[in-house]
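> So the mapping is simple: our numbering equals the position in the sequence shown, first residue as 1, plus 9.
A virtual CB, placed ideally from N, CA and C, is assigned to each residue, including glycine.
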Amino acid sequence: MSELQDHLSEWAELWGRVRGVEPDAEGSAVLIPADTDDSDARAEAQQQGLSASGEYVLLTAATAEIAAAHSLPEDAQVASAPMGDYDVAEISVFDHPVGGGRISVGEAAAVIGNLRYETPQDRDAYEPALLATLAEEAYLHGAHTLILIVDLDEADRFLGSGWTEAGRVLTFGRP
10 MSELQDHLSE WAELWGRVRG VEPDAEGSAV LIPADTDDSD ARAEAQQQGL
60 SASGEYVLLT AATAEIAAAH SLPEDAQVAS APMGDYDVAE ISVFDHPVGG
110 GRISVGEAAA VIGNLRYETP QDRDAYEPAL LATLAEEAYL HGAHTLILIV
160 DLDEADRFLG SGWTEAGRVL TFGRP
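1. Taking C-alpha atoms, which residue in Gly58, Val97, Ser60 and Ser89 lies nearest to glycine 29?
2. Can you name, in chain order, every residue of its own chain whose Cβ lies under 6 angstroms from the Cβ of methionine 10, other than the five neighbours on each side?
3. I'd like the list of long-range same chain contacts for arginine 125, defined as Cβ closer than 8 angstroms, with 5 residues on each side in sequence excluded.
4. Three-state secondary structure (DSSP) at arginine 183?
5. Could you tell me if arginine 26 is buried or exposed, where buried requires 16 or more neighbouring beta carbons within 10 angstroms of its beta carbon?
6. Excluding the 5 residues flanking glycine 36 on each side, which residues of the same chain have their C-beta closer than 8 angstroms to its C-beta?
7. Tell me whether leucine 143 sits in a helix, a strand or coil according to DSSP, three-state version.
8. For leucine 161 versus isoleucine 75, is the C-beta spacing smaller than 8 angstroms?
9. Classify serine 113 as buried or exposed, calling it buried when 16 or more other Cβ atoms lie within 10 Å of its own Cβ.
10. Between which two residues does the alpha helix (DSSP H) carrying arginine 166 extend?
11. Exposed or buried, leucine 149, counting other C-beta atoms within 10 Å across all chains shown (16 or more means buried)?
12. Quick one: give me the first and last residue of the alpha helix (DSSP H) that glutamate 74 is part of.
13. Rounded to a whole number of angstroms, what is the C-alpha to C-alpha distance between alanine 117 and threonine 154?
14. How many Å lie between tyrosine 135 and isoleucine 158 at the Cα?
15. Can you have a look at alanine 152 and say buried or exposed, based on whether 16 or more other CB atoms are within 10 angstroms of its CB?
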């Protein structure tokens, strides 16, 4: 976790990019509790006039492992494009979009986010291929570590498939 903490400002900015959120140093904060007791972080935020706005699980993976994990199913096509601050990838079946996501690559890591699927069945069928496509993009840019920040109830589906829980992320904002 210390390497991630050393690059906090970089990956927090990348996370904002894939979510379509501009950095606002005066109005919000992202903190990683050093252990499972987050009371100090919450107390500090409260003193700054911030209130909790989210709690997420920070997952990491080796880029090469995720890129090589799954190939695209025969009936699907992938399209990707650079969009300035991030790259996008979309999977379609017979020209019908079934899922997509974004990746923003920094010097130390790449952050995947804004994953979306038409249906839960599409997520189950195409998520591994979408993540592999995004990871390949990161690999081509020289990023060896992937970061994926997910809701608490989504983390279990990633664990055991190359992803490891590296910590929790707390977000705070002005009420």
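Inspection of the coordinates gives the following:
1. Translated into the one-based positions of the sequence shown, residue 29 becomes position 20. Among Gly58, Val97, Ser60 and Ser89, the Cα nearest to that of glycine 29 belongs to Val97.
2. For the purposes of this step, residue 10 is taken as the residue at position 1 of the sequence shown. Low confidence applies to methionine 10: its pLDDT is 44, below 50, so where it sits in the model is not reliable, and the reading given next is rough at best. Excluding residues within five positions, the ones whose Cβ falls inside 6 angstroms are Ala175 and Gly176.
3. Residue numbering aside, residue 125 sits at position 116 when the sequence shown is read from its first letter. The residues are Gly108, Gly109 and Gly110.
4. Numbered from 1 along the sequence shown, position 174 holds the residue referred to as residue 183. Residue state, collapsed to three classes: coil.
5. Counted from its first residue, the sequence shown places residue 26 at position 17. Counting Cβ neighbours within 10 Å, arginine 26 comes out buried, since at least 16 surround it.
6. Residue mapping note: residue 36 aligns to position 27 of the sequence shown, counting from 1. At glycine 36 the pLDDT is 49, less than 50, meaning the model places this residue with poor confidence; the figure from the coordinates comes in the next sentence. Within the same chain, glycine 36 has close Cβ partners Gly182 and Arg183.
7. For the purposes of this step, residue 143 is taken as the residue at position 134 of the sequence shown. Three-state DSSP puts leucine 143 in a helix.
8. Sequence index remark: in the sequence shown, residue 161 carries index 152 (1-based). Sequence index remark: in the sequence shown, residue 75 carries index 66 (1-based). The answer is no: Cβ separation not under 8 angstroms.
9. Taking the first residue of the sequence shown as 1, we reach residue 113 at position 104. Serine 113 should be labelled buried.
10. Your numbering for residue 166 matches position 157 in the sequence shown. Careful: arginine 166 lies outside any alpha helix (DSSP H) and carries neither H nor E.
11. Residue mapping note: residue 149 aligns to position 140 of the sequence shown, counting from 1. Classification of leucine 149: exposed, given that the 10 Å Cβ count is below 16.
12. As a position in the sequence shown, residue 74 is number 65, starting the count at 1. 72 to 76 is the span of the alpha helix (DSSP H), which, as asked, contains glutamate 74.
13. Taking the first residue of the sequence shown as 1, we reach residue 117 at position 108. Taking the first residue of the sequence shown as 1, we reach residue 154 at position 145. Their Cα atoms are separated by approximately 7 angstroms.
14. As a first step, residue 135 is located in the sequence shown; it is residue number 126 there, counting from the start. As a first step, residue 158 is located in the sequence shown; it is residue number 149 there, counting from the start. Going from the Cα of tyrosine 135 to the Cα of isoleucine 158 covers about 19 angstroms.
15. Taking the first residue of the sequence shown as position 1, residue 152 is located at position 143. Result: buried.
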